[in-house]
Each structure stands twice: as C-alpha cells, then as structure tokens.
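Single-structure report; data block below.
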C-alpha cells in the first residue's frame, strides 16, 4: 500500500498505519487535546448585518462549515467557543455584544468578519463603533464587504491553526493535579 | 376626489390656517401656519378619506426662524390620492401636538423625530428615544451636529466616540462616469466649516 501511495504522490506517507501499529495511536496529551479542541470550535454567530447572510451560506450545504467541525452554531454564549462578529456594530449594540462576550466561557476566540466589524467600514458615523476590537480581543480579521463564505472558512482554519499551537496543560489546574508541570 | 379637490376641502374647512395648495412634480402640498392645529387638521383629513399616514419627517432650516419644518405625507388607500402637509415650529418652542390619536402609526414616526431632531410631540403616549438610547445627550440629525459625532458616555448603557473621518466624508456619486468615478471618495461638502 505504501508503495502504491509512493508511486501516486511521489512521496512516502508517514503516519498511522493499522498494519504496523494495530489499534494503538501514540501522541501527547497536549497534542490530542489541541486536536479535539481545534476541530470542535462552536461558533457564536453574532449576526448584525449583511455579513450574517454570508455566514449562513458558510453554514449551508454548498460551503458546509461542518467540514471543519464548526457547524454547531450556539445561540447561548455559555456553549460557544468562537464569537463571529458578522456585521455593523452600533454603539447601542456594543454593550450587548460585550456582555455576550463576557458570558462566554474560556477559552474563547473572536473573528471580526468584514469591514464593519473590523474597522467600522463605510459607516464613519456617530452611531457606529469603529471596529469591534475596541471592546473585545479579536484573533482573526476578515476583509471584504461582505466576505465570501470561503473567507470565513479560511479564518476558521487560521483560528484552528492558532488553537493547535496553544499549550493546554501547562500552568493549569489539571496539569498541577497530574504533576505535569515542566514535563 | 383628486388631491387638489382634497386640498381645497381642507382649506374650505380651516380657512386662513391653510396656505394656497402648491404643486411640485404632481404632489399637492399645503402649508399650515399654526402648528398647534395640526392634530385637528389631520383628524379632518382622515375623515375625508386619508386613512394612511405614509410618513412624518422633519427638516432643520438651520440659521432660519422658525427652525423646524414638520412634514406629513397622507394617502387614501382606496383611491391612492396623496397629499402633503407642512408646518413650522420655532426652536424655542420645539413642540407640536401629536397625531397618534388620528393615526396610530404616527407613534414611531414621532419618536424617531424626537430622537433625531429633538422636537417634542405633546400628547404622545410614549415619547422615548427609538434609535439611540435613553440618556444620549445629542440629537444627531440636527445641522449643527458634526457628521463624526460627539463623545458621550453613559456607564453601563453605551458610549460614543468621535469617528476618525480620515479626510472624509466618503461620498458616492450616482450615475456619473465609470465605476471608478462613482466609488466613494473624499468629497467635502462646500457648506462644511
């Protein structure tokens, strides 16, 4: 099998091979947890304007956000991991958005989707917050007005990349309980 | 009934309060000299068939007296006849009777005018701000309110900051040249100080 793969792709695939390793996969706890975590990012869809329509398209069958494990849109902030701010944040909505963000449990991430959420966009006005990063920390910004669903998926992959690199067990209560400190 | 006939019957009923009907692009307008009579005049207009209040809006004639003009667009749903009533309110008074008692739809229209322009409607059942929050100190559609806004803070409710205009405002020009000529660019209006 390896030989056919090498013939097709020109390189040898190293990884899990059931013929060699049986039913055992070796990894570190940190890597496994990061892998679980980054492939089940549940979004909090903060749909505030037309970007939310593209976000819906990203969730629908053509673009299918569930390929990345993020199809579980949670309308309760308690159950969400990643807030996707999709649309124009008015000052009136800003306090609501901040409260929803504060209600989300750690760890949490934020995507500013589109020009309005990132910078206020074309709304240089008394009523519009000039970028959601004034009130919440943003991990990934998406350009576009509105961005295409592919851009949302790209941002999600960037978030996954970031989550995959974040150490989980260091300096945590679990780590101290398992005496994993410094290992 | 045409719009002109309707305008004449309103004028016949209220006489000197009503100006001569003027026509602009097929729309008949009536000026009303005493804003305090607006509810009575609207009540009569409804009784002759104007059962739909299309819109209530307000103008800021900044630097002139009286400063405010309040405009009512009425329509008969059956025949589709439209008429426009205009009345003026001075800045010191900034108040005129509500027409919620005539058309209930006026409720939110009048709240919007109160919110954006600061004109009060006496007799309104629920005169609160509708777009901005309670406690916001300014009226943003007034001509002397800057486009970039003013800073304000109401702890626990909301805040506003001055918007960086970056040389703006960025204005789109419709129907001119190609798309690069139409796209939003810095176009400072001549009246901007």
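Protein chains in written order, with the working numbering: chain H, 1 to 183; chain Y, 1 to 193. Where a beta carbon is used, it is the ideal one built from N, C-alpha and C, also for glycine.
Where residue 153(H) is concerned, the enclosing alpha helix (DSSP H) starts and stops at 149–165. DSSP lists no bridge partner for residue 145(H). When 7 Å is used as the limit between beta carbons, residue 94(H) is near these residues of chain Y: 158, in chain order. For residue 149(Y), a Cβ of chain H is located within less than 8 Å of the residue's own Cβ. The three-state secondary structure of residue 13(Y), taken from DSSP, is helix. By the Cβ criterion, the region 107–118 of chain Y is not in contact with the region 24–38 of chain Y, since fewer than three pairs of Cβ atoms, one from each stretch, lie closer than 8 Å. Among the residues facing chain H, residue 24(Y) is not included, as its CB has no counterpart in that chain under 8 Å away.
By the criterion of a C-beta distance shorter than 6 Å, residue 107(Y) is surrounded in its chain by 100, once the five residues flanking it on both sides are discounted.
In the structure shown, residue 73(Y) falls within a strand segment according to DSSP collapsed to helix, strand and coil. Cβ neighbours of residue 103(H) within its own chain (closer than 6 Å, five residues either side excluded): 77. Residues of chain Y with a Cβ closer than 8 Å to the Cβ of residue 122(H) are, in chain order, 170 and 184. By the criterion of at least three beta-carbon pairs nearer than 8 Å, the region 16–24 of chain Y is not in contact with the region 45–63 of chain Y. Contact between residue 18(Y) and residue 32(Y) holds, since their C-beta atoms are separated by about 6 Å, short of 8 Å. Taking all protein chains in view, the Cβ of residue 70(H) is crowded by 16 or more other Cβ atoms within 10 Å, so the residue is classified as buried. In the DSSP assignment, the residues bridged to residue 109(H) are 82(H). In chain order, 140, 147, 148, 149 and 163 make up the part of chain Y whose C-beta sits under 9 Å from the C-beta of residue 125(H).
Close to chain H, meaning a Cβ-Cβ distance shorter than 7 Å, is no residue of the region 104–117 of chain Y at all. Under the DSSP definition of a beta bridge, residue 68(Y) partners with 60(Y) and 89(Y). Approximately 7 Å separates the beta-carbon atoms of residue 50(Y) and residue 83(Y); this is inside 8 Å, confirming the contact. Per DSSP, reduced to three states, the secondary structure at residue 27(Y) is strand. Bridge partners of residue 61(H) according to DSSP: none are assigned. Taking C-beta atoms as the reference points, residue 169(Y) and residue 161(Y) fail to come closer than 8 Å.
Bridge pairing for residue 52(Y): 75(Y) [DSSP].
Here the C-alpha atom of residue 97(H) lies approximately 8 Å from the C-alpha atom of residue 46(H). Ranked by Cα distance from residue 81(H), the options 111(H), 88(H), 141(H) and 91(H) are led by 111(H). In the structure shown, residue 110(Y) adopts helical secondary structure according to DSSP, grouped into three states.
Shown here for residue 131(Y): same chain residues with a beta carbon closer than 6 Å to its own, the five before and five after excluded, namely 115 in chain order. Under the three-state reduction of DSSP, residue 121(Y) is assigned to strand. The beta-carbon of residue 166(H) is placed no less than 8 Å from the nearest beta-carbon of chain Y.
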